[in-house]
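**Q** In this note's numbering, the protein residues as written are 1 to 121. Heads up, the beta-carbon is just placed ideally off N, CA and C, and yes, glycines get one too. Treat the numbers as computed from the prediction; the structure is a model and nothing was measured.
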Amino acid sequence: MAAQRGIVLLAHGSRDPLWRKPVEAVAERIRALDATALVRCGYLELTEPDLAGAVAQLTGQGARSIRVLPLFLGMGKHAREDLPSLLEELRAAHPQVAFELATTVGEDSRLVDLLARIALT
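1) Between which two residues does the beta strand (DSSP E) carrying R22 extend?
2) From which residue to which residue does the beta strand (DSSP E) around E88 run?
3) Could you pull the DSSP bridge partners for V68 from this structure?
4) Hey, out of R40, R67, C41, whose CA is closest to V97's CA?
5) Nearest by alpha-carbon distance to P17: which of R5, R31, E45 is it?
6) Per DSSP, D50 forms a beta bridge with which residues?
7) Excluding sequence positions up to five away, which residues of its chain have a Cβ less than 8 Å from the Cβ of M1?
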């Protein structure tokens, strides 16, 4: 079986169960674009699964490389400090897995452009 790449869509989390719907919609869209994609949602707090849980799900499905995409608009403390620390813990716990931490989505010029276009419509 070929090693597969996994994707974790990482968001903050909320006590409100409706809050996670847009995050899950992104995961569903990824699956629609690529039926073979291994994608899970993970949350920093208040919502399950946490990042380690999402990674465990992906490695259980055979993922040997995992890209973590922070769904944050800005580079705040979570993205700047907490997330790199969590990734180091995951690297130690899963030495057979290659982890990639993507830039926060808010720093991607394509999203900035899309948000500006949405605001203008």
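**A** Inspection of the coordinates gives the following:
1) As a working note, residue 22 is residue 22 in the sequence shown. For the sequence presented, residue 22 should be read as Pro rather than Arg. Counting along the chain, P22 falls outside any beta strand (DSSP E), though it belongs to the alpha helix (DSSP H) covering 21-33.
2) Residue mapping note: residue 88 aligns to position 88 of the sequence shown, counting from 1. Premise fails: E88 lies in the alpha helix (DSSP H), 83-93, not in any beta strand (DSSP E).
3) One-based indexing of the sequence shown puts residue 68 at position 68. The partner list for V68 (beta bridge, DSSP) reads V8, L101.
4) What you label residue 97 is simply residue 97 of the sequence shown in a count that begins at 1. Minimum Cα distance to V97 is reached at R67.
5) Start at 1 with the first residue of the sequence shown, and residue 17 comes out as number 17. The shortest Cα separation from P17 among R5, R31, E45 belongs to E45.
6) Against the sequence shown, residue 50 aligns to sequence position 50. In DSSP, D50 forms a bridge with Y43.
7) Reading the sequence shown from its first residue, position 1 is the one you call residue 1. Any answer about M1 is weak, because its pLDDT of 45 lies below 50 and its placement is not dependable; what the coordinates show is given next. The residues are G62.
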